[in-house]
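K.L.:
Protein chains in written order, with our numbering: chain A, 162 to 397; chain B, 71 to 284.
Heads up, the beta-carbon is just placed ideally off N, CA and C, and yes, glycines get one too.
Set out below in structure tokens:
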């Protein structure tokens with residue numbers, strides 16, 4: 162009997178870790194569905210010549226709740242982390258910063274490195290993390306194709322970038338290719354859109370806008386001068 | 071040569087079992103675009119030098135972090151080093167500012183300080199000429215578990231990138247590869263053979279720097 166109680170307690174405490182983790186994990190891509198932060202605008206830029214990817218989450222909103230701001234600050238500067246490597250896991254493998262914007266709101270910048278267009282797994286990951294889509298990236302000839310689920314990205318379409326909807330047959334084919342590459346893990350959405358970028362375009366910019374009216378349970382993030390700068394970078 | 075390359079792939083695959091790196095070939099289709107980015111950057115900076123990109127010879131860039139050098143070796147061994155002046159902006163913190171700063175370097179007036187002409191003696195020239203750069207598979211170190219392939223344990227940013235092309239008449243052969251040498255890593259065939267080639271590149275070409283270039 163005592164063993165069973167002990168086992169139950171251990172299981173409960175382990176389970177509680179999983180419940181608590183999402184609260185500190187701001188690498189969820191900043192959406193209201195989960196995570197500490199969300200933002201009105203999301204901009205993902207690939208600077209191919211520099212090997213740098215920057216995600217900018219503009220106009221940050223913090224989830225209501227006592228201690229959430231401290232949690233956020235601690236997650237970036239490592240003060241609340243028992244595990245001091247936590248800041249690097251938040252977002253960006255190079256660094257993360259939260260900065261005041263001209264409008265008096267706050268933006269987050271997450272920075273990753275990228276080797277090149279062949280790094281399709283990383284491109285999938287970055288687009289998924291930014292916009293919460295199932296993503297499948299492929300280089301075909303001199304173009305990079307990004308297939309994704311949900312509604313359309315690229316709100317300010319660039320004439321050099323092709324955007325189209327997939328036919329049901331094409332969607333099935335992409336699903337099959339995705340599953341082959343992800344070794345059986347299913348996609349968390351249906352591939353229905355395609356973006357086609359020319360490889361020789363030096364910077365790819367993908368943007369998405371959310372309506373702050375939908376941010377129930379979130380308030381605009383406020384940081385005062387004493388809390389800034391708020392950043393963590395491990396520059397190579 | 072193609073068979074050798076295929077064998078190299080196979081051996082690299084076999085070598086995986088012993089090394090902690092999985093060397094996967096990149097698509098060489100990327101190489102011309104990657105090369106063009108660097109070509110355009112230096113062409114702009116050294117616009118007054120009027121680099122001839124179409125003469126027969128070897129055009130090889132070496133990039134590591136913010137440092138970028140180009141060495142052009144003409145047939146016969148006459149060579150020129152072009153070095154990109156260093157920049158103040160950080161590509162990581164402010165990539166757009168970094169690109170704007172580089173734009174500002176176009177037509178750089180002090181370009182002579184960032185150039186060096188030299189001649190390779192015939193033995194050295196033969197060694198460089200003989201390097202099958204364009205025949206090497208494009209090698210990038212990545213973790214064996216492809217799902218986490220981008221979580222490099224070793225900082226690959228410290229690994230220099232060599233890329234460029236060899237021109238002979240109408241024939242242009244592009245190449246792009248990272249110097250995958252890691253001190254602690256013992257390399258097995260065929261990677262140890264490629265390592266010898268990389269050593270020659272450094273000793274014969276890239277040990278040079280334009281000392282007065284800022």
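1) Do residue 215(A) and residue 270(A) have their C-beta atoms within less than 8 Å of each other?
2) Whose C-beta lies closer than 8 Å to the C-beta of residue 239(B) among residues of the same chain, with five residues either side of it excluded?
3) Under the three-state reduction of DSSP, which class applies to residue 218(B): helix, strand or coil?
4) In chain A, which residues lie with their C-beta within 9 Å of the C-beta of residue 230(B)?
5) Per DSSP, residue 241(B) is paired with what?
6) Any C-beta of chain B sitting closer than 8 Å to the C-beta of residue 323(A)?
7) Quick check: the Cα distance between residue 150(A) and residue 220(A), rounded to an integer number of angstroms?
8) Would DSSP call residue 154(B) helix, strand or coil?
9) Quick test of the definition: if touching needs 3 or more C-beta pairs under 8 Å, does the stretch 338-356 of chain A touch the stretch 385-397 of chain A?
10) Kindly indicate which three-state DSSP category residue 200(A) falls into: helix, strand or coil?
11) Checking 8 Å against the spacing of the C-beta atoms, do residue 101(B) and residue 183(B) come in under that value?
12) Go through its chain and collect everything with a Cβ distance to residue 193(B)'s Cβ below 6 Å, but skip five positions before and after it.
13) Measure the C-alpha to C-alpha separation of residue 265(A) and residue 358(A) and round it to an integer number of angstroms.
14) Which of the three DSSP states, helix, strand or coil, is assigned to residue 303(A)?
15) Please compile the residues from chain A whose C-beta is within a distance smaller than 8 Å of the C-beta of residue 168(B).
16) Is there at least one Cβ from chain A nearer than 8 Å to residue 106(B)'s Cβ?
17) List the residues of chain B that residue 255(A) touches, going by C-beta distances under 8 Å, in chain order.
18) How is the alpha helix (DSSP H) around residue 200(B) delimited, first residue to last?
19) Given a limit of 8 Å on CB to CB distance, which residues of the stretch 134-153 of chain B reach chain A?
P.N.:
Let me spell this out:
1) Going by beta carbons, residue 215(A) and residue 270(A) fall inside the 8 Å limit.
2) 126
3) Confidence in residue 218(B) is poor, its pLDDT being 39 and thus under 50, which makes the residue's placement unreliable; the coordinate value appears in the next sentence. The answer is helix: DSSP assigns residue 218(B) an H, G or I state.
4) The premise fails here: residue 230(B) is roughly 13 Å from chain A at the closest Cβ pair, so nothing lies under 9 Å.
5) 238(B)
6) no
7) This structure does not reach residue 150(A), given that chain A is present from 162 up to 397, and the question cannot be answered.
8) coil
9) no
10) strand
11) no
12) Sequence-distant partners of residue 193(B) (beyond 5 residues in either direction) whose C-beta falls short of 6 Å from its own C-beta are missing from its chain.
13) 34 Å
14) coil
15) Under a criterion of Cβ atoms nearer than 8 Å, the residues of chain A adjacent to residue 168(B) are, in order, 211.
16) So, interface residue.
17) 162
18) Membership of residue 200(B) in the alpha helix (DSSP H) is indicated by the continuous run 192-200.
19) So the close ones are 135.
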